[in-house]
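Counting along the sequence shown from 1, when you hit position 81 you're at 121 in our numbering, and nothing is skipped either side. Just so it is clear, CB atoms sit at the ideal spot from N, CA and C, and this is done for glycine as well. For clarity, every value in this text was computed on a predicted model and none was experimentally measured.
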Amino acid sequence: MDSELVELIKKTEISFITDYVDYIRKKENIVPTFGTKFELSCLAFGEGYNLLHRQLVLTINGSGDWVELNYPIIRDLVISEIHKDKSYFKERPQK
41 MDSELVELIK KTEISFITDY VDYIRKKENI VPTFGTKFEL SCLAFGEGYN LLHRQLVLTI
101 NGSGDWVELN YPIIRDLVIS EIHKDKSYFK ERPQK
């Protein structure tokens, strides 16, 4: 695949994830902080849930585990988790 296309896909996916993270922060009145956070059991909650809700939502964009979004398989996991939140697709602003 063309490297420009790969970069465009990565940028689009990260933008989608960031929009969702901002939505959750606003909805739940969360102020993010620096650093990696304590996680719940991955066996009970899932790796995607933990990364999204325990790391990305709670940490400042670019800090902590945000670096994990450089990997396509991780972005797929997080995007899959976002798609479980049906309310987001009803409430989010259309771009």
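At a Cβ-Cβ threshold of 8 Å, Leu98 and Ile119 do not count as neighbours. Pairing Val61 with Leu91 gives a Cβ-Cβ distance that is not under 8 Å. Taking C-beta atoms as the reference points, Glu87 and Leu117 count as a pair closer than 8 Å. Inter-residue distance for Arg65 and Leu45 is about 30 Å (C-alpha atoms, whole angstroms). Minimum Cα-Cα distance from Tyr89 among the listed residues Asp42, Ser43, Ile57, Met41 corresponds to Ile57. Taking all protein chains in view, the Cβ of Glu121 is crowded by 16 or more other Cβ atoms within 10 Å, so the residue is classified as buried. DSSP, reduced to helix, strand and coil, places Thr76 outside both helices and strands of the structure shown, so it counts as coil.
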